[in-house]
């Protein structure tokens, strides 16, 4: 798939860091301030998660990034270009997958992709091959000539992704791409997004399924109430300390050993009795596990209680209240 | 893929207008594929064909029956044949139904797509808002023209049965197409402005009702406001023909001094009729000059509509009838200026 990344390196390609940046953008709908002075940056070659509760302004921000909505204030730059001035240029570099499926039901998957290729003014000669390639990539080649209405939700979702990728954009904006997908398709999506990032694209994923994003995101931008509340990489999130959940065959022995080690812990009354405690780093976790095993405690599970992003998200929720 | 990118740049440079038109063409292709593959459209077309056929047959049958009845009472049968009447009834019927169908085909073009989430997909591509709007308009128009094509055989029957020339069919089909286009433009424009499909469809139907009935009502009510006088002398009719030989011949002579006489200046409100689709179609059809014919000519319904707006003071000598401005242009002014809508 080396060919996929060439757009960003062409003579007319975007600046070396082809990512997408929003600076202090605001947008209001009547009296509702959907987005207020939001900052956002997604570098090329990375997957950036856009995280926030419902109504935080994620979709509005994505619409502005996709050049579908003009910001009232602030500026957006796609590979160094301003969408309001170089609309066609910017749009040929942007791929957008909306949160609604929006499928032309009477058309076949092949026809939909062909039409999209025409709308992006791809040269007519290469369209057939390009469409076949994309169908192969999202595993819809077998269903290519079925009307889109017979496709399952997951298949339509994949078609939607292929539609966003048809013109080989350097920036990919995905609004809730995993919603409604079964676990298998989620894993598949994850692999695909990692691949796209590896090809040098800036991938932006908005979601509130945080466990998903933990696996794929290199960085995250947290938004709430129309503002950017935190921007961090996944490493930074992990560095902030995480809560680990430990269960043992003998919980009282575990508790005794932890007390002996001088650690503060909390007994959890979950489905299986256990304890949880906050550890500053992965090194700490490693040492604690070794100590516990050496002390002869029968550990049955030892894992982060929540994903790194979820941890940050919940902390932010806490700060808010 | 680098080749792909390079060609893309070339395309955008060479022939901006051609690229613009090609974009419209692609939108039309997409829309038509979407529309023509629904079975409902074909069922509607079949029903339309049968209905138009039924109306044609009924008109022909009723004309035959009336001829038979006239013969039974010993009256001479009409010489002009049923052609003109069948043609006019079918034409009026097709226009009526076209006016009913066109809003349904056009008035959810933009906001229906917005509701379905497919509008933004188009907007995010290199298509410009104007291309999307024109594409949707042409697609709606072409779909509506399908109905006109289905009714063409019956208009041809009207001609075949006598009295009219192929030119009549051609002109009337052309005018029907234009009228349907006007309504489709109205519908697409309103659907771009209104948020919800149901609302825009209702508004478009109301707009069509306004054009068809509103213009008649405003003409009727407006006539009362046109009281005035004209300078005229007295008309004296040569003779009153007996009633049994049909309507009297309107030949009269003018004599006496010119005096101010009360009259309704309907020409001041006749422009409202210029927005009426039926009047527009009727006006465009080239009827033969029948003033030299013997006796009162059998003026058809459409022809009658065409002349209704030309009402003159009844006894004015000479009749001060104005010529007619281009009615279609008046109607065109009625369209909302929705073409610059950017759809965001």
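Protein chains in written order, with the working numbering: chain A, 4 to 324; chain B, 31 to 374.
We put the beta carbon where it would ideally sit given N, CA and C, even for glycine.
With DSSP run on the structure shown, which of helix, strand or coil describes residue i?
i	result
residue 32(A)	strand
residue 153(A)	helix
residue 249(A)	strand
residue 211(A)	coil
residue 80(A)	strand
residue 339(B)	Below a pLDDT of 50, predicted positions are generally treated as unreliable, and residue 339(B), at 45, falls in that range; no measurement from the model is reported.
residue 141(B)	helix
residue 220(B)	helix
residue 304(A)	strand
residue 107(A)	coil
residue 230(A)	strand
residue 283(A)	coil
residue 174(A)	strand
Just confirm the distance between the C-beta atoms of residue i and residue j, as a whole number of angstroms; I'd bet it's less than 8 Å.
i	j	result
residue 178(B)	residue 210(B)	7 Å
residue 180(A)	residue 97(A)	Between residue 97(A) and residue 180(A) the Cβ distance is about 15 Å, and since that is not below 8 Å, they are no contact.
residue 250(B)	residue 295(B)	Rounded, the Cβ-Cβ distance is 15 Å, inconsistent with contact.
residue 306(B)	residue 226(B)	Actually they are not in contact, since the Cβ atoms of residue 306(B) and residue 226(B) sit about 29 Å apart, beyond 8 Å.
residue 213(B)	residue 129(B)	6 Å
residue 71(A)	residue 154(B)	6 Å
residue 62(A)	residue 222(A)	With a Cβ gap of about 20 Å, residue 62(A) and residue 222(A) do not count as contacting.
residue 89(B)	residue 116(B)	5 Å
residue 177(A)	residue 212(A)	That belief does not hold up - the Cβ atoms of residue 177(A) and residue 212(A) are roughly 12 Å apart, past 8 Å.
Alpha carbons only, please: which of the options is nearest the one belonging to residue i?
i	options	result
residue 46(A)	23(A), 171(A) and 27(A)	23(A)
residue 298(A)	281(A), 251(A) and 283(A)	251(A)
residue 187(A)	161(A), 245(A), 125(A) and 258(A)	161(A)
residue 280(A)	69(A), 301(A), 300(A) and 257(A)	257(A)
residue 292(A)	264(A), 272(A), 135(A) and 87(A)	264(A)
residue 83(B)	114(B), 63(B), 142(B) and 120(B)	120(B)
residue 90(A)	157(A), 272(A), 131(A) and 69(A)	69(A)
residue 67(A)	296(A), 49(A), 41(A) and 55(A)	41(A)
residue 59(A)	225(A), 294(A), 155(A) and 219(A)	225(A)
residue 166(B)	220(B), 122(B), 61(B) and 189(B)	61(B)
residue 181(B)	169(B), 200(B), 147(B) and 170(B)	200(B)
residue 136(A)	169(A), 73(A) and 233(A)	169(A)
residue 189(B)	77(B), 132(B) and 118(B)	118(B)
residue 271(A)	308(A), 121(A), 244(A) and 284(A)	308(A)
residue 1(A)	156(B), 222(B), 203(B) and 236(B)	Outside the modelled stretch of chain A, which goes from 4 to 324, sits residue 1(A), for which no answer is possible.
residue 70(B)	291(B), 303(B), 131(B) and 158(B)	131(B)
Applying the criterion that 16 or more other CB atoms from any shown protein chain within 10 Å of the CB defines a buried residue, is residue i buried or exposed?
i	result
residue 32(A)	exposed
residue 111(A)	buried
residue 190(A)	exposed
residue 100(B)	exposed
residue 46(B)	exposed
residue 184(B)	buried
residue 287(B)	exposed
residue 306(A)	exposed
residue 261(B)	exposed
residue 57(A)	exposed
residue 323(B)	Note that residue 323(B) has pLDDT 40, beneath the 50 cutoff, so the model's placement of it is unreliable and the number below is only indicative. Residue 323(B) should be labelled exposed.
residue 94(B)	exposed
residue 102(B)	exposed
residue 315(B)	buried
residue 303(A)	exposed
residue 325(B)	Low confidence applies here, because residue 325(B) scores a pLDDT of 37, under 50, leaving its location unreliable and the question unanswered by this model.
residue 312(A)	buried
residue 243(B)	exposed
residue 187(B)	buried
residue 215(A)	buried
residue 105(B)	exposed
Taking just the CA atoms, how far does residue j sit from residue i?
i	j	result
residue 276(A)	residue 139(A)	48 Å
residue 100(A)	residue 127(A)	23 Å
residue 93(A)	residue 176(B)	39 Å
residue 230(B)	residue 107(A)	21 Å
residue 114(A)	residue 255(B)	60 Å
residue 301(A)	residue 36(A)	54 Å
residue 247(A)	residue 267(A)	12 Å
residue 28(A)	residue 63(B)	39 Å
residue 260(A)	residue 295(A)	7 Å
residue 168(B)	residue 217(B)	12 Å
residue 217(A)	residue 317(A)	14 Å
residue 204(A)	residue 83(A)	15 Å
residue 163(B)	residue 67(B)	21 Å
residue 362(B)	residue 219(B)	With a pLDDT of only 39 at residue 362(B), under 50, the local geometry of the prediction cannot be trusted, and the value read off the model is given with reservation. Taking the straight line from one Cα to the other gives about 13 Å.
When every heavy atom of the ligand HEM is checked, does at least one fall within less than 8 Å of the C-beta of residue i?
i	result
residue 282(A)	Here there are no bound small molecules, and the ligand HEM is not part of this structure.
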